[in-house]
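Engineer: Each residue of the sequence shown is one higher than the one before, starting from 1 at the first, in UniProt numbering. Where a beta carbon is used, it is the ideal one built from N, C-alpha and C, also for glycine. Source: prediction; values computed, not measured.
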Amino acid sequence: RERIPGIDTYLTGSGPLGTISVAPTVRLDRRGYSNKRPHRSASGKMGQPDAKRGKVLETRHALLWYHAKCLKDAVERQERVTAEQQAIIADLYEKYEESGCSSLVGRADQDYQEMKTVLMRWTQASTERSQDDVEMAEPNEEGNMDHKEQPEEGVQPGEESLHELDDDRDKKESGGEEDTEELPSRKPSQKKRNKRRGNYYARFAPMTLFTTPLVDQDLVNASGEQVAKLASEWRETRKNHVYKTDVKIVQDIYKEFNTRFAKSKGFDEKYGEKKGYATDMTFFEVKTEQELLALKNEILKSTSCLIRGIPEALNMNLEKFSSEALEKIAGDQEVEVLLQHPQSSTENVDMKNGKSMGWKTSSLQIDPKITYSEFLTSYKRQKEIDDKAVDAIINDPENKEQLIHDYIGMKLDTQYEYDGKAVSFPVAPFATNIDLDDNDRCAEQIAEINKLVEFLRPKEGMMKLVKDNILGVNTVQCYVKSPGSRTPAHQENQLVASVNLNMGPGECVWINVSMVYAAKMEELMNKKRISPYHSKYWPTEQDLIDAGIPYQKLVQKAGDLIYVGVGTYHWVQANGYCVNAAWNVAEMCPVQLAAAVYSHDNNVELKYGTLLPIYDVLLEIAQQDGHLELKKLAKQLLIRPLARAIWEWDYCEEGFKISPSPISESKYEVKEVYRCWGDRCRRNQIQNIFCVQEEKEKCLECVNPKRDFEVYYRKTREDLVKICDNCK
Numbered sequence: 001r002e003r004i005p006g007i008d009t010y011l012t013g014s015g016p017l018g019t020i021s022v023a024p025t026v027r028l029d030r031r032g033y034s035n036k037r038p039h040r041s042a043s044g045k046m047g048q049p050d051a052k053r054g055k056v057l058e059t060r061h062a063l064l065w066y067h068a069k070c071l072k073d074a075v076e077r078q079e080r081v082t083a084e085q086q087a088i089i090a091d092l093y094e095k096y097e098e099s100g101c102s103s104l105v106g107r108a109d110q111d112y113q114e115m116k117t118v119l120m121r122w123t124q125a126s127t128e129r130s131q132d133d134v135e136m137a138e139p140n141e142e143g144n145m146d147h148k149e150q151p152e153e154g155v156q157p158g159e160e161s162l163h164e165l166d167d168d169r170d171k172k173e174s175g176g177e178e179d180t181e182e183l184p185s186r187k188p189s190q191k192k193r194n195k196r197r198g199n200y201y202a203r204f205a206p207m208t209l210f211t212t213p214l215v216d217q218d219l220v221n222a223s224g225e226q227v228a229k230l231a232s233e234w235r236e237t238r239k240n241h242v243y244k245t246d247v248k249i250v251q252d253i254y255k256e257f258n259t260r261f262a263k264s265k266g267f268d269e270k271y272g273e274k275k276g277y278a279t280d281m282t283f284f285e286v287k288t289e290q291e292l293l294a295l296k297n298e299i300l301k302s303t304s305c306l307i308r309g310i311p312e313a314l315n316m317n318l319e320k321f322s323s324e325a326l327e328k329i330a331g332d333q334e335v336e337v338l339l340q341h342p343q344s345s346t347e348n349v350d351m352k353n354g355k356s357m358g359w360k361t362s363s364l365q366i367d368p369k370i371t372y373s374e375f376l377t378s379y380k381r382q383k384e385i386d387d388k389a390v391d392a393i394i395n396d397p398e399n400k401e402q403l404i405h406d407y408i409g410m411k412l413d414t415q416y417e418y419d420g421k422a423v424s425f426p427v428a429p430f431a432t433n434i435d436l437d438d439n440d441r442c443a444e445q446i447a448e449i450n451k452l453v454e455f456l457r458p459k460e461g462m463m464k465l466v467k468d469n470i471l472g473v474n475t476v477q478c479y480v481k482s483p484g485s486r487t488p489a490h491q492e493n494q495l496v497a498s499v500n501l502n503m504g505p506g507e508c509v510w511i512n513v514s515m516v517y518a519a520k521m522e523e524l525m526n527k528k529r530i531s532p533y534h535s536k537y538w539p540t541e542q543d544l545i546d547a548g549i550p551y552q553k554l555v556q557k558a559g560d561l562i563y564v565g566v567g568t569y570h571w572v573q574a575n576g577y578c579v580n581a582a583w584n585v586a587e588m589c590p591v592q593l594a595a596a597v598y599s600h601d602n603n604v605e606l607k608y609g610t611l612l613p614i615y616d617v618l619l620e621i622a623q624q625d626g627h628l629e630l631k632k633l634a635k636q637l638l639i640r641p642l643a644r645a646i647w648e649w650d651y652c653e654e655g656f657k658i659s660p661s662p663i664s665e666s667k668y669e670v671k672e673v674y675r676c677w678g679d680r681c682r683r684n685q686i687q688n689i690f691c692v693q694e695e696k697e698k699c700l701e702c703v704n705p706k707r708d709f710e711v712y713y714r715k716t717r718e719d720l721v722k723i724c725d726n727c728k
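Rendered as structure tokens:
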């Protein structure tokens, strides 16, 4: 791995006051062990990997990025600070302010329009996806595959290799095997993998895919009964006569770092310029609710949008979301607390050994989980230390260097242990996923969120059609951050849009990339050996520039609302102590639906569960009034789950020798959304027919036929045909 230029400077904290070592000078291997004697530092002292917390390894000291940001927040919290006093602190942190940010412009960007064009183009289903020289076993005269080998019960093709790799990863995490970026050298032959895939399609009903072409484009105008009749031919021929079932859609693990899904769906890796840059950011400042409503179309048609002034315009009280206020409603809630290495957004260094991590991120989770109140005790203690340091420096500026020395030592002495050890580098705690889903306990906070205009609220638009509570998606979640807390790069679940409101008091820096560059991002992640779903990654700005990927970079101040558009890649870092609230939104429009089903198929390819119940949303859209363009697309998409429903029925009657019963007549509670609880299920969502085994719902592929189970359906075939026909 390459060493970031200036990494030694960063790790020793070069600054206006000298240097301070914040990482052990001994080099550790990837498991945290040392095979070499520790090196001597410049001062002649021995660095120890488990140095006593607070011990300073160098005689000269400097203010690092983390401590600079902590002091900046503290001075801004001071109520009575003169400009002269503030200047004493300002010269310590001004050099660490974000640079290279986007220009703020009052209009939507062109990249969104191009992304929309690509998404809507494949919905016309005019081209067939390349098979990339994958051989598929042909059925014999009886309609069966020639291969005799069958996958194990509940195991999908390629799953064996997937779980072998999972076992390898478990060994690495436990320290039983040295970490490596290389994939296993031994992998099944192409012929053997094709054989597994062939057996799968001979045995199980074709899975629901939305982005592959229809066999006959006239099916778009076919009646539900015609689709059902065509689908029923699978029972005899074992062929999908409704839509192309691409055998490569079920990828084996060896393709995880070589996916070409975005390119196959029409995203062009040559779109844009040869060099990336910080492109313009859509920005609006509003003073009234009417101004905000008038900007709706511009906001919704942007890659991402920064909106300033919303709390004042809508009379929102952000104090209801302060870290202290959250304790009243979530103090006893167990939260996931991450411990991270705080540093500038432009750097990504493993402080344990001083090496660049490339795109990979480093964080540990406190295990077992702690309550929010326990987290807040330490969180407040760190802020108190910052406040006292600012007071001391302001009152005795001549002694600033010694005061900073004492301050850094105190911060190190009171922070969380990292990996069970006291360390001599900063550790930033990050409390994630604090749920505000209890309407009674969180009534005040929910009331403030509901002051937002409709298109920015959770559970509106297409989200209103999701009948299941999905934490953090159609409910509000809060995140309590320290300077340096990072949310790695990602796209939202099913590529829906999202809203993020910074409750303050600190700032966050965002980097966003339009989905129109999905093929370029895909290619770059393949080179970096990054999985879009199974890796936590932090792209560098320079890599984006070199790959010709424009990006938006902005600072989100307290009270700023960020609208993250459909499919936008984004990663976020806190540059101060702050609380953020976030949730997903989805406009009732074709481009959002197209993105959601695109994501569904991409998830299937990469063996990643789909969180939003796409099938149920499609049924709801079909029964809505209005939204003609949306319903036109929904009708085309519903053809596939309708065919799948017919196949499920035939499979039950032929394979299980069981006729499904209506769930309404069972002893079980009727749910709005059903999910598969099979241990190896990679899709998770259940459409119409499902099994109940050992009181757990399972899909047809995951149920063990050697054990007792029951089979139920949610809607009759006739009901599904009728819904499909009424979607006009």
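Along the chain, where does the alpha helix (DSSP H) containing C724 start, and where does it finish?
Structural biologist: Position 724 of the sequence shown, counted from the first residue, corresponds to residue 724. C724 -> alpha helix (DSSP H) spans R717 to N726.
Engineer: Output the boundary residues of the beta strand (DSSP E) element that contains R486.
Structural biologist: Counted from its first residue, the sequence shown places residue 486 at position 486. Residues R486 to H490.
Engineer: What ranges does the beta strand (DSSP E) occupy inside the region 411-453, keeping only unbroken runs of at least 3 residues that lie completely in it?
Structural biologist: Fully enclosed beta strand (DSSP E) runs of 3 or longer: 428-436.
Engineer: Taking just the CA atoms, how far does D280 sit from E97?
Structural biologist: Taking the first residue of the sequence shown as 1, we reach residue 97 at position 97. Taking the first residue of the sequence shown as 1, we reach residue 280 at position 280. In a straight line, the C-alpha of E97 is about 19 angstroms away from that of D280.
Engineer: Taking buried to mean at least 16 other C-beta atoms within 10 Å of its own C-beta, is residue 730 buried or exposed?
Structural biologist: For residue 730 there is no data in the structure shown, the boundaries of the chain being 1 and 728.
Engineer: Given that a residue counts as buried once 16 or more other Cβ atoms are within 10 Å of its Cβ, and exposed if not, what is Q110?
Structural biologist: Mapped onto the sequence shown, residue 110 falls at position 110. Q110 comes out exposed.
Engineer: Do you know whose CA, among G100, F690, C724 and D725, lies nearest F709's CA?
Structural biologist: Sequence index remark: in the sequence shown, residue 709 carries index 709 (1-based). For F709, the nearest C-alpha among the options comes from F690.
Engineer: Leaving out five residues on either side along the sequence, give the residues of the same chain with a beta carbon under 7 angstroms from the beta carbon of E225.
Structural biologist: Looking up residue 225 in the sequence shown gives position 225. Closer than 7 angstroms at the Cβ level, and outside the excluded window around E225, lie V721.
Engineer: Quick one: Cα of S302 to Cα of E285, how far?
Structural biologist: As a working note, residue 302 is residue 302 in the sequence shown. As a working note, residue 285 is residue 285 in the sequence shown. If I take the Cα positions, the gap works out to 15 angstroms.
Engineer: I need the boundaries of the alpha helix (DSSP H) containing T282, first residue and last residue.
Structural biologist: In the sequence shown, counting from the first residue as 1, residue 282 sits at position 282. Where T282 is concerned, there is no enclosing alpha helix (DSSP H), although the beta strand (DSSP E) it sits in stretches over M281 to E285.
Engineer: By Cβ distance below 6 angstroms, which residues in the same chain neighbour N474 in space, the five residues on each side in sequence not counted?
Structural biologist: Your numbering for residue 474 matches position 474 in the sequence shown. Contacts found: P458, K459, M463 and V466.
Engineer: Would you call N140 buried or exposed, if buried means 16 or more other Cβ atoms sit within 10 Å of its Cβ?
Structural biologist: By one-based count along the sequence shown, residue 140 stands at place 140. For N140, the predicted structure reports a pLDDT of 39, less than 50, and the residue's modelled location is therefore unreliable. A value from the coordinates is still provided. Answer is exposed; the Cβ neighbour count stays below 16.
Engineer: By the DSSP assignment, the alpha helix (DSSP H) with Q636 in it spans what residues?
Structural biologist: Within the sequence shown, numbered from 1, the residue matching residue 636 stands at position 636. Element bounds for Q636: L628 to Y651.
Engineer: Hey, would you say V591 sits closer than 8 angstroms to K244, going by beta carbons?
Structural biologist: Along the sequence shown, one-based indexing puts residue 591 at 591. Along the sequence shown, one-based indexing puts residue 244 at 244. Taking 8 angstroms as the Cβ cut-off, V591 and K244 do not qualify as a contacting pair.
Engineer: Please state if the CB of A205 and the CB of W647 are separated by a distance shorter than 8 angstroms.
Structural biologist: Counted from its first residue, the sequence shown places residue 647 at position 647. Counted from its first residue, the sequence shown places residue 205 at position 205. Cβ atoms of W647 and A205: closer than 8 angstroms.
Engineer: Just checking my contact of I511 with K553 at CB under 8 angstroms: how many whole Å lie between their CB atoms?
Structural biologist: Numbered from its first residue, the sequence shown carries residue 511 at position 511. Numbered from its first residue, the sequence shown carries residue 553 at position 553. The Cβ separation is near 5 angstroms, so the contact holds.
Engineer: Between which residues of its own chain and Y407 is the CB-CB distance below 6 angstroms, once the five residues before and five after are set aside?
Structural biologist: Position 407 of the sequence shown, counting from 1, holds the residue named residue 407. Around Y407: A389.
Engineer: Quick check: the Cα distance between Y537 and V509, rounded to an integer number of angstroms?
Structural biologist: By one-based count along the sequence shown, residue 537 stands at place 537. By one-based count along the sequence shown, residue 509 stands at place 509. In a straight line, the C-alpha of Y537 is about 16 angstroms away from that of V509.
Engineer: Can you give me the Cβ contacts of E336 inside the same chain, cut-off strictly under 7 angstroms, excluding the 5 residues immediately before and after it?
Structural biologist: Numbered from 1 along the sequence shown, position 336 holds the residue referred to as residue 336. For E336, where only same-chain residues beyond five positions count, the Cβ hits under 7 angstroms are Q365, K369, T432 and N433.
Engineer: Short check: CB of A582 to CB of V496, under 8 angstroms?
Structural biologist: Translated into the one-based positions of the sequence shown, residue 582 becomes position 582. Translated into the one-based positions of the sequence shown, residue 496 becomes position 496. Result no, Cβ atoms of A582 and V496 do not sit closer than 8 angstroms.
Engineer: Secondary structure at S363, three-state DSSP: helix, strand or coil?
Structural biologist: Position 363 of the sequence shown, counted from the first residue, corresponds to residue 363. S363: strand per DSSP, three-state reduction.
Engineer: When DSSP builds the beta bridges, which residues end up paired with S304?
Structural biologist: Locating residue 304 in the sequence shown gives position 304, counting from the first residue. Note: S304 sits in a beta bridge opposite V564.
Engineer: Per the DSSP calculation, L314 is bridged to which residue(s)?
Structural biologist: The residue labelled residue 314 in the question sits at position 314 within the sequence shown. Bridge partners of L314: none, in fact.
Engineer: Using only the alpha-carbon positions, how far apart do C699 and V604 sit?
Structural biologist: The residue you call residue 699 lines up with position 699 of the sequence shown. The residue you call residue 604 lines up with position 604 of the sequence shown. Rounded to the nearest angstrom, the two C-alpha atoms are 15 angstroms apart.
Engineer: Taking 8 angstroms as the threshold (C-beta atoms), are E289 and L318 in contact?
Structural biologist: The residue you call residue 318 lines up with position 318 of the sequence shown. The residue you call residue 289 lines up with position 289 of the sequence shown. No, they are not a contact pair.
Engineer: What is the DSSP secondary structure of C578, counted as helix, strand or coil?
Structural biologist: As a first step, residue 578 must be located in the sequence shown, where it is residue number 578. Looking at C578 - three-state DSSP - the assignment turns out to be strand.
Engineer: State buried or exposed for K411, treating a residue as buried only when at least 16 other CB atoms are found within 10 Å of its CB.
Structural biologist: Along the sequence shown, one-based indexing puts residue 411 at 411. Buried, because 16 or more other Cβ atoms sit within 10 Å of the Cβ of K411.
Engineer: Count the other CB atoms within 10 Å of the CB of E454; is the residue buried (16 or more) or exposed (fewer)?
Structural biologist: By one-based count along the sequence shown, residue 454 stands at place 454. Classification of E454: exposed, given that the 10 Å Cβ count is below 16.
Engineer: Classify G559 as helix, strand or coil using the three-state DSSP reduction.
Structural biologist: On the sequence shown, residue 559 is found 559 positions in, with the first residue counted as 1. Residue state, collapsed to three classes: coil.
Engineer: Can you grab the Cα-Cα spacing for the pair L165 / C578, in whole Å?
Structural biologist: Translated into positions along the sequence shown, residue 165 becomes position 165. Translated into positions along the sequence shown, residue 578 becomes position 578. Below a pLDDT of 50, predicted positions are generally treated as unreliable, and L165, at 32, falls in that range; no measurement from the model is reported.
Engineer: Check the DSSP bridge columns for N240 and list the partner residues they point to.
Structural biologist: Here residue 240 is taken as the residue at index 240 of the sequence shown, counted from 1. For N240, which the question treats as bridged, DSSP gives no partner whatsoever.
Engineer: Would the region 263-270 and the region 611-619 be scored as touching if the rule is three or more Cβ pairs under 8 angstroms?
Structural biologist: Touching, no.
Engineer: Report yes if the C-beta distance between Y533 and Y608 is below 8 angstroms; otherwise report no.
Structural biologist: If you number the sequence shown from 1, residue 533 lands on position 533. If you number the sequence shown from 1, residue 608 lands on position 608. Yes, the pair counts as a contact, with Cβ atoms nearer than the cut-off.
Engineer: Given a threshold of 16 other Cβ atoms within 10 Å of its Cβ, counted over all protein chains shown, does V564 qualify as buried or as exposed?
Structural biologist: Sequence index remark: in the sequence shown, residue 564 carries index 564 (1-based). Counting Cβ neighbours within 10 Å, V564 comes out buried, since at least 16 surround it.
Engineer: With DSSP as the reference, please indicate the residues paired to K407 in a beta bridge.
Structural biologist: Counting from one through the sequence shown, the residue named residue 407 turns up at place 407. Residue identity differs from the one stated: residue 407 is Tyr in this sequence, not Lys. DSSP output for Y407 lists no bridge partner at all.
Engineer: Figure out for me which residue from K667, N602 and N469 has the closest Cα to the Cα of K265.
Structural biologist: The residue you call residue 265 lines up with position 265 of the sequence shown. Here the closest residue by C-alpha is N602.
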